[in-house]
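> Sequential numbering from 355 applies to the sequence shown in my numbering.
For each residue, glycine too, the CB sits at the ideal point set by N, CA and C.
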Amino acid sequence: MFSLTAPVIVIPPKPIQNVTGSQVYLACEVKAVPTPIITWRKVTESPKGVKLLEELPGDRVNVAIQVRGGPSKHESTGWVLINPLTKEDEGVYQCHASNILGEVQTEETIKVIEKTIRTKGNKKTDPKEKDN
Numbered sequence: 355m356f357s358l359t360a361p362v363i364v365i366p367p368k369p370i371q372n373v374t375g376s377q378v379y380l381a382c383e384v385k386a387v388p389t390p391i392i393t394w395r396k397v398t399e400s401p402k403g404v405k406l407l408e409e410l411p412g413d414r415v416n417v418a419i420q421v422r423g424g425p426s427k428h429e430s431t432g433w434v435l436i437n438p439l440t441k442e443d444e445g446v447y448q449c450h451a452s453n454i455l456g457e458v459q460t461e462e463t464i465k466v467i468e469k470t471i472r473t474k475g476n477k478k479t480d481p482k483e484k485d486n
């Protein structure tokens, strides 16, 4: 028989830095008995400085969430996959795990770099710049 335990984050997500258009994911591994429910949120701030949590995937077509059991007994792993990565995806993401005994969360950052576009002559340009 196993003793009941509140969720504990075994492996937190790692920070991500990538260019627009790429595919990225954050993973979060949690141990608990009974099995925890894992959710992902994007952390934003209101104009007045109040912390806001956007439940994912919401209506964002480039975001997918998946959760599976394991890799060890009484563990669950959750992922948030973003494809393609856009500048709007930059920010702080929260992995939240809960069961009847408690809850825990951890946060990590995705940094997005604008992909440069090469034009004739291999000159690097900013995609936001316009020709004169």
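Val384: buried (16+ other C-beta within 10 angstroms of its C-beta) or exposed?
Residue 384 sits at position 30 when you count from the first residue of the sequence shown. Its Cβ being crowded by 16 or more others within 10 Å, Val384 is buried.
> For Glu429 and Leu435, I'd like the C-alpha separation in whole angstroms.
Locating residue 429 in the sequence shown gives position 75, where the first residue counts as 1. Locating residue 435 in the sequence shown gives position 81, where the first residue counts as 1. Their Cα atoms are separated by approximately 20 Å.
> Rounded to the nearest angstrom, what separates Asp413 and Thr393 at their Cα positions?
Looking up residue 413 in the sequence shown gives position 59. Looking up residue 393 in the sequence shown gives position 39. Those two C-alpha atoms are separated by around 15 Å.
> Determine the closest residue to Val362 out of Gly445, Pro425, Ala418, Gly456, with distance taken between C-alpha atoms.
As a first step, residue 362 is located in the sequence shown; it is residue number 8 there, counting from the start. Cα-wise, what sits closest to Val362 is Gly456.
> Drop a sphere of 10 angstroms on the beta-carbon of Ile467, count the other beta-carbons inside from all chains shown, and report buried for 16 or more, exposed for fewer.
Along the sequence shown, read from residue 1 onward, the residue named residue 467 stands at position 113. With fewer than 16 Cβ atoms within 10 Å of its Cβ, Ile467 is classed as exposed.
> For Gly423, is the classification buried or exposed, using 16 other Cβ atoms within 10 angstroms of its Cβ as the cut-off for buried?
Within the sequence shown, the letter at position 69 stands for residue 423. Exposed.
> Work out the CA separation of Val446 and Thr463 for me, nearest whole Å.
Here the question's residue 463 lines up with position 109 in the sequence shown. Here the question's residue 446 lines up with position 92 in the sequence shown. The alpha-carbon atoms of Thr463 and Val446 are separated by roughly 4 Å.
> Tell me whether the beta-carbon of Ser376 lies closer than 9 Å to the beta-carbon of Asn437.
The count along the sequence shown starts at 1 and reaches residue 376 at position 22. The count along the sequence shown starts at 1 and reaches residue 437 at position 83. Taking 9 Å as the Cβ cut-off, Ser376 and Asn437 qualify as a contacting pair.
> For Lys396, which three-state DSSP category applies?
Here residue 396 corresponds to residue number 42 of the sequence shown, with the count starting at 1. Residue state for Lys396 is assigned as strand, using DSSP reduced to three classes.
> By DSSP, does Asn486 sit in helix, in strand, or in coil?
Here residue 486 refers to the residue found at position 132 when the sequence shown is read from its first residue. Summary for Asn486: the model assigns pLDDT 49, below 50, so the residue's position carries little reliability; its value from the coordinates is reported in the next sentence. Here Asn486 sits in coil by DSSP.
> So, Leu410 versus Thr398, is the Cβ gap smaller than 9 Å?
Translated into the one-based positions of the sequence shown, residue 410 becomes position 56. Translated into the one-based positions of the sequence shown, residue 398 becomes position 44. Not a contact, by the Cβ cut-off of 9 Å.
> Could you give the first and the last residue of the continuous beta strand (DSSP E) run that contains Gly403?
Indexing the sequence shown from 1 puts residue 403 at position 49. Per DSSP, Gly403 is not a residue of any beta strand (DSSP E), being assigned neither H nor E.
> Using the three-state DSSP reduction, which class does Lys469 fall into: helix, strand or coil?
Taking the first residue of the sequence shown as 1, we reach residue 469 at position 115. Coil, per DSSP.
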